[in-house]
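Trainee:
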Amino acid sequence: MRNILFVVCISVTLWMLHACKSTESGAYDQASKIAVSWELVSNFSGPTDGFEAKFYLKNNSNLTLEETGWALFFNMSPRPLVAYPTAQPASLEHINGDWYKMTPNKGFRLAPGDSIAVAYQGTEGIIKETDAPLGLYFVFYDKEGKESQIVQIDQCSVVPFARRDQLLRGTKDQDSIQTNSFRYAENLKVSLLPTEQLLPVIPTPVKTTKGTGAFSLTNTTAIHYEKGLENEANLLAQRLKELTGQALTTKNAAAAANTISLQTGKIAVNGKEKEAYHLSIDDKGVSITGSDAAGVFYATQSLISMIPIGVLQQKNAPISLPALKIEDAPRFQFRSMHLDVSRNFQTKETILRTLDILSFYKVNHFLFYTTEDEGWRLEIESLPELTKVGAQREHTSSYKTSVLHPAYGSGPIAYDKEKHGSGYYTKADFIEILKYAHARHIKVIPEVNFPGHARAAIKAMEARYERLMKEGKEKEANEYRLADPDDKSVYLSAQAYKDNVVDVTQESVYRFYEKVMDDMAKMYKEAGLTMDVIHAGGDEVAEGAWMKSPRAIEMMKKDPSLKNASHFQAYFFRKLLPRLQKRNLTVHGWEEVALTKTPDGKYKANPEFVGQNVIPYIWNNVFDPDLGYRLANAGYPVVLCNVTNFYFDLAYNNDPKEPGLYWAGFVDARDNYTFAPYDMFKTTYTNSMGKPMVFTNVERLKPEARKNIIGIEAQLWSETVKGRDMMEYYTLPKLMGFAESAWAAERAWENIAERNAREKAIQTSWNIFANTLAQKELPRLSYLNGGYNYRIPLPGAVIEKGSVIANVAYPGLIIRYTTDGSEPIVQSPVYQSPITAKGSVKLRCFDAAGKGSRTVMVNL
C-alpha cells in the first residue's frame, strides 16, 4: 500500500519492446518502423524537484506523420504533468492510471528520415529504467476521427542514466549513489567466516546442539511415519529424490535403524505448542517429532537445508549429515507473503513454485492478491464478465468504456505474447493451488479489495449491466452493479485512477461482495477446506470519492453520523462486516479498516471494530511511524507489514538498472533481516528520501499489547514485475531475511538500548547471516524446483595505486574478471589479488552454483 502517486513498469535493463506490428494489416503498417527513444533529462527541474524528460522519434518508415490523424499511447510511471515552458511539437496527456498519450500540435510534421524531440515535465523524480515509458503503440484516425488502425512500436530504447541529476530524485534526496567505490566501502563491513560458523538452518532454530559423528543417508534409507503423516513423508521423499537422486521408500512404521522417522508428540519449544519440532541426527538415523503435522513438515525442511551443496551438484553422491539436535518453534504464528498478480499476471505454475519456496522457509500464509484496479484474476462462474472483461487489458477508445485499458506495458492487444496484462485462474486452477498450499501447511487468504482499488470489478459489472440491458433484463442488470452513472465525483487515486471506487450507497455492491464470497467458499469446499479468512482491502480510497454522488449527498442529509464523504469508507465496512461474520469469516484488511479520520484529516484508531475478528495489516511506518503500535494498543490484533523492511517490490538500491519502486525508499535482504517487532523504531533508519528519522512524540507498544502483534507479512506488488524470473529476482534473497524475522526467536540485539552497541551487535549477526546466504542458501536455490532466479549482489571495487581491488557483499561469493572487454563467465579468472591491467576491467560475483551478478566495469 502506498500514499503517493507511483506505478512503474518495464524490464530490468536497457530494453527493446517486441510485439506484432499491428492489430491487423492496413495502410499504416510502416509506422512500426518509427523508432522511439526516451531520455531522462534531469530530476532537478524547477523549484519542486520535478523531472524533465524527452521522447525522440526517428522516422524509419515511408509514412509522414502530420499534425492530425494519430496519437501515440503508452504507459509510464504516473506522475502529474506540468506545463512545459516552451512550445513543443506534440503534447502529452494523462488519461487514467499509468495510461498516457502523445498527440501532435499544430505544425507537426515528421517525414521519412526525419527526427523530432518532444520534451515534457512532471512532478517527483525518476531514477529507474523501470520508470520509463513502455507498451507504446500508434492509433491512426480517419477523417471523421474514428480509429482506423493500431500499430505497435518495434523499437523503444532508454538512454542510460549517468549524471547526478539523473541518479538522485532531486535536491532533497540524501541516499548515496550506487558506485563501485560506495559498494566497496559497504562491503568492508562483512568478512569471510569458516563453514563451522555458518547457521545450520535458515530461519535460525531456537536451539541447536552439535553432536559427534554423522549419519550416512543412502538409497537404502527409508522414511518411516506414523499414521496421519503420509503427506509429510511423501513430500520429503519427493524433495530428496529431486535434490540428491536418492529414491527413499516411505512406510507407515515405527522408527528403526537407518530411517528418517516422523512422528508427533506433546512438545513445546519457547512456550509454543504449535508448529514446534524436535529434530535429532545421530549415526543410526534421523528422528523427527513434531507437535503437529506442521511441526513435522518444518523439521523436514530443516533436514533438507542441511544437505551439502556438493551433493546437490553431483547427485547420487554420498550424503553425510552431521550429528546434532534441534529444538525449534516459530516466533510468530502468522508468517505471510502477499503476492499481487493483478497488476502483472503470474501463471499457475509460478504460483506453485512460489508456494514451494515459501514453505521451505517456513512461511505459513499466502495473501493471494487476485483483484485490483488493473485486473480480476479469479474465475467466478456465476459472474463470467469478471474474467471475460476484468482479466484482460486492451486498447479502448476511452477509459470510460467497459474495458480495461492497457497498463504497465501490456499493449493494445489482449493476451499478447510475452505481455503480462491478461490472464486468470480457472476454478480448477484455484482449487489446485489451494490443495497444493494446504499440503505444505500454507493457508491461502483470498482478497477482494473494496471500496477502492476496484476498477476491474467495476468495469466487468458495467459490461454485465450493458449485456443484460440489451436483453431487456433490467432488474438482473442492476443486481450486481458497482457504479452509479450519476456520481460525478472527481478524484485521483494513489495510482492515478479517476474511476476505481464503488458506490457504497447501493445494495448491489454488498450483494456482489456476498456473491463472490459464496463462490469462493464453494471452491475451498471442493478443495476439502473451509474458507474462514478473507482480506477485504479497504485502503487508499481517494479524497473526493462520493463527494458529488447524489445518493451519498442525500444520505448525509438524513444520517448525522455521515458528516462528510470521507465517512463513507467506515460506513461501507460497517455494513459489510456483519455479512462476512455471518459466513464465519475473520476479516483482514489494510490499516484503514481500523481507522477513522479526524476533522483535520488525520487518522486515529477506530474502536468500533475491536473484538470483532478484524485484523488490520499496517505498512505505514514512514509517514505515520507509530500507527501499528497505536492500533495494537487500542486492542486490535495486527500484522506488521513495515514498508521499510518488508516491501519486496521496493528496489534493492538506487542503481538505475536495479528494478523496482522507491516511493518509500529502498529495501534489501539486510532490511528484511533487521527488524525489531516490539520496538521497530530501533530498526527504522531513514525516510523515503534517505533522511535519518528521529522518533519523538511517538506512541510506544505497551507491554500488555505485545500479544496483539500476531505476525508479520512481506509484500510483493507487481507494477514493475514482468514474469516469473523478475518475480523471483525481487523475492530472493529478501525472503530469507524476512523468514528470519518471522520465525527465529528474539535476537539479542533487539533489546540493546544504546544505538552504537546495538548496531555493532546487528552487524556481527548479519555477517553470519550473509556468509550463510553466500555459502549455502543462494547456491541451493539453483537446484530446488529446477532452479530459481535469485539475485546475486554486484561486487564493489576501487582503484588503489593503479590496481583494481574488489570485494563482495556476501562473503563466500567468488569474483571473476576479464580485461579484454568480454563478459566474465564461470570459466573466467578468479579475483584473488589486486588486478593490474590497461583499459577496462569487468567484474562479476558468482556463487557455488555458477549463478552470477550483473557486470561492473572499472576503467584503469
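By the count of the numbering used here, the sequence shown reaches residue 916 at its end, each step adding exactly one. Ideal Cβ positions, reconstructed from N, Cα and C, are used throughout, including at glycine. The structure displayed is predicted, hence computed values, not measured ones.
1) So what's R433 in DSSP terms, helix, strand or just coil?
2) Can you name the start and end residues of the alpha helix (DSSP H) that T820 belongs to?
3) Can you tell me which of the three DSSP states P378 falls into?
4) What are the boundary residues of the alpha helix (DSSP H) that N287 is part of?
5) Under 8 Å, with one C-beta from each stretch per pair, do the region 131-139 and the region 178-190 reach the 3-pair mark?
6) Counting only the same chain and skipping the five closest in sequence on each side, list residues whose C-beta sits under 6 Å from that of F731.
7) Tell me the rounded alpha-carbon separation between M611 and L618.
8) First and last residue of the alpha helix (DSSP H) that includes L636?
9) Beta strand (DSSP E) containing K660: first to last residue?
10) Put D682 into one of helix, strand or coil per three-state DSSP.
11) Alpha carbon to alpha carbon, what distance is there between K515 and E428?
12) Any heavy atom of the ligand FAD within a distance shorter than 7 Å of the CB on A539?
13) Are L548 and A512 close, meaning C-beta to C-beta below 8 Å?
14) When the Cα of I766 is compared with those of A91, T892, H644, which residue comes out closest?
15) Nearest to T315 by CA position, among G301, F704, A289, G716, is which residue?
16) Give the C-beta separation of E450 and I469 to the nearest angstrom, bearing in mind that I take them to be a contact with Cβ-Cβ under 8 Å.
17) Measuring only the C-alpha atoms, how far is I183 from L223?
18) Taking the alpha carbon of W126 as the point to measure from, which residue in A324, Q208, T264, T274 has its own alpha carbon closest?
19) Look at the alpha carbon of D231 and the alpha carbon of E530, and state the distance between them as a whole number of angstroms.
20) In the structure shown, what three-state DSSP assignment does H476 receive?
21) Do M573 and F486 have their C-beta atoms within less than 8 Å of each other?
22) Output yes or no for whether 8 Å exceeds the beta carbon distance between A800 and R409.
23) Taking all protein chains shown into account, decide if F751 is buried (16 or more other Cβ within 10 angstroms of its Cβ) or exposed.
24) For I56, list the residues DSSP reports as bridge partners.
25) Measuring alpha carbon to alpha carbon, tell me which of A309, T251, D85 ends up nearest K832.
26) What's the call for I344, buried or exposed, on a 16-neighbour Cβ count within 10 Å?
27) For V882, count neighbouring C-beta atoms within 10 Å of its own C-beta (all shown protein chains included) and say buried if the count is 16 or more, exposed if not.
28) Where are the alpha helix (DSSP H) runs, 4 residues long or more, that stay fully inside the region 183-233, in chain order?
29) Please state whether the Cβ-Cβ distance between Y786 and A826 is less than 8 Å.
30) Taking all protein chains shown into account, do 16 or more other C-beta atoms lie within 10 angstroms of the C-beta of M792, making it buried, or fewer, making it exposed?
31) My guess is that I16 and R295 are in contact by the Cβ rule of under 8 Å, so how many angstroms apart are they, rounded?
32) Hey, quick one: how far does the beta strand (DSSP E) through M393 stretch, first residue to last?
33) Look at L696 and I671 and say whether their C-beta atoms are less than 8 Å apart.
34) Quick one: what's K114 bridged to in DSSP?
35) Starting from the C-beta of K77, find all residues in its chain whose C-beta is less than 8 Å away, skip the five residues before and the five after it, and write them out in chain order.
36) Express the C-alpha separation of Y193 and V97 in angstroms, rounding to a whole number.
Mentor: A quick look at the data gives this:
1) Residue mapping note: residue 433 aligns to position 377 of the sequence shown, counting from 1. Looking at R433 - three-state DSSP - the assignment turns out to be coil, as it is neither helix nor strand.
2) Residue mapping note: residue 820 aligns to position 764 of the sequence shown, counting from 1. Element bounds for T820: 811-828.
3) Sequence index remark: in the sequence shown, residue 378 carries index 322 (1-based). Per DSSP, reduced to three states, the secondary structure at P378 is strand.
4) Taking the first residue of the sequence shown as 1, we reach residue 287 at position 231. From DSSP, the alpha helix (DSSP H) with N287 extends over 286-300.
5) By the Cβ test, the region 131-139 is in contact with the region 178-190, since at least three Cβ pairs between them sit closer than 8 Å.
6) Position 675 of the sequence shown, counted from the first residue, corresponds to residue 731. Closer than 6 Å at Cβ, skipping near neighbours: N701, T739, S797.
7) In the sequence shown, the residue the question calls residue 611 occupies position 555. In the sequence shown, the residue the question calls residue 618 occupies position 562. CA-to-CA, the gap between M611 and L618 works out to about 8 Å.
8) Translated into positions along the sequence shown, residue 636 becomes position 580. Here the alpha helix (DSSP H) through L636 covers 624-637.
9) By 1-based counting over the sequence shown, the position of residue 660 is 604. Per DSSP, K660 belongs to the beta strand (DSSP E) from 659-661.
10) As a first step, residue 682 must be located in the sequence shown, where it is residue number 626. Reduced to three states, the DSSP call for D682 is coil.
11) For this step, residue 428 is matched to residue 372 along the sequence shown. For this step, residue 515 is matched to residue 459 along the sequence shown. The straight-line gap from Cα to Cα measures roughly 12 Å.
12) In the structure shown, the ligand FAD is absent, as is every other ligand, since no ligand is present at all.
13) Taking the first residue of the sequence shown as 1, we reach residue 548 at position 492. Taking the first residue of the sequence shown as 1, we reach residue 512 at position 456. Going by beta carbons, L548 and A512 fall outside the 8 Å limit.
14) Here residue 766 corresponds to residue number 710 of the sequence shown, with the count starting at 1. Selected option, being the one with the closest Cα: H644.
15) Translated into the one-based positions of the sequence shown, residue 315 becomes position 259. When each option's Cα is compared against that of T315, the closest is A289.
16) Sequence index remark: in the sequence shown, residue 450 carries index 394 (1-based). Sequence index remark: in the sequence shown, residue 469 carries index 413 (1-based). Confirmed, about 6 Å.
17) Counted from its first residue, the sequence shown places residue 183 at position 127. Counted from its first residue, the sequence shown places residue 223 at position 167. Taking the straight line from one Cα to the other gives about 5 Å.
18) As a position in the sequence shown, residue 126 is number 70, starting the count at 1. If we check each option's Cα against that of W126, Q208 comes out closest.
19) Locating residue 231 in the sequence shown gives position 175, where the first residue counts as 1. Locating residue 530 in the sequence shown gives position 474, where the first residue counts as 1. Distance between D231 and E530, taken at the CA atoms: about 58 Å.
20) Counting from 1 along the sequence shown, the entry for residue 476 is found at position 420. Of the three classes helix, strand and coil, the one that applies to H476 here is coil, per DSSP.
21) As a working mapping, residue 573 is identified with position 517 in the sequence shown. As a working mapping, residue 486 is identified with position 430 in the sequence shown. No, the Cβ-Cβ distance between M573 and F486 is not below 8 Å.
22) Along the sequence shown, read from residue 1 onward, the residue named residue 800 stands at position 744. Along the sequence shown, read from residue 1 onward, the residue named residue 409 stands at position 353. Result no, Cβ atoms of A800 and R409 do not sit closer than 8 Å.
23) Along the sequence shown, read from residue 1 onward, the residue named residue 751 stands at position 695. Exposed, because fewer than 16 other Cβ atoms sit within 10 Å of the Cβ of F751.
24) Any property of residue 56 remains undetermined from this structure, which presents the chain solely from 57 to 916.
25) Counting from one through the sequence shown, the residue named residue 832 turns up at place 776. Of the candidates A309, T251, D85, T251 places its Cα closest to the Cα of K832.
26) Here residue 344 refers to the residue found at position 288 of the sequence shown. It counts as buried.
27) To locate residue 882, count along the sequence shown from 1; it is residue 826. An exposed status is given to V882, since fewer than 16 other beta-carbon atoms sit within 10 Å of its beta-carbon.
28) For the alpha helix (DSSP H) assignment, the uninterrupted runs of no fewer than 4 residues enclosed by the region 183-233 are, from N- to C-terminal side, 220-223.
29) Along the sequence shown, one-based indexing puts residue 786 at 730. Along the sequence shown, one-based indexing puts residue 826 at 770. 8 Å or more divides the Cβ of Y786 from the Cβ of A826.
30) On the sequence shown, residue 792 is found 736 positions in, with the first residue counted as 1. The residue is buried, with at least 16 neighbouring Cβ atoms inside 10 Å.
31) With the chain running from 57 to 916 in the structure shown, residue 16 is simply not present.
32) Residue mapping note: residue 393 aligns to position 337 of the sequence shown, counting from 1. Segment 390-396, the beta strand (DSSP E) holding M393.
33) As a working mapping, residue 696 is identified with position 640 in the sequence shown. As a working mapping, residue 671 is identified with position 615 in the sequence shown. The answer is no: Cβ separation not under 8 Å.
34) Start at 1 with the first residue of the sequence shown, and residue 114 comes out as number 58. Residue pairing of K114 in beta bridges, as defined by DSSP: A91, S171.
35) Here residue 77 refers to the residue found at position 21 when the sequence shown is read from its first residue. Note that K77 scores 38 on pLDDT, short of 50, meaning its location in the model is unreliable; the coordinates nonetheless yield the value given after this. Cβ within range, chain order: D85, S88, V207, Q208, D210.
36) What you label residue 97 is simply residue 41 of the sequence shown in a count that begins at 1. What you label residue 193 is simply residue 137 of the sequence shown in a count that begins at 1. About 23 Å.
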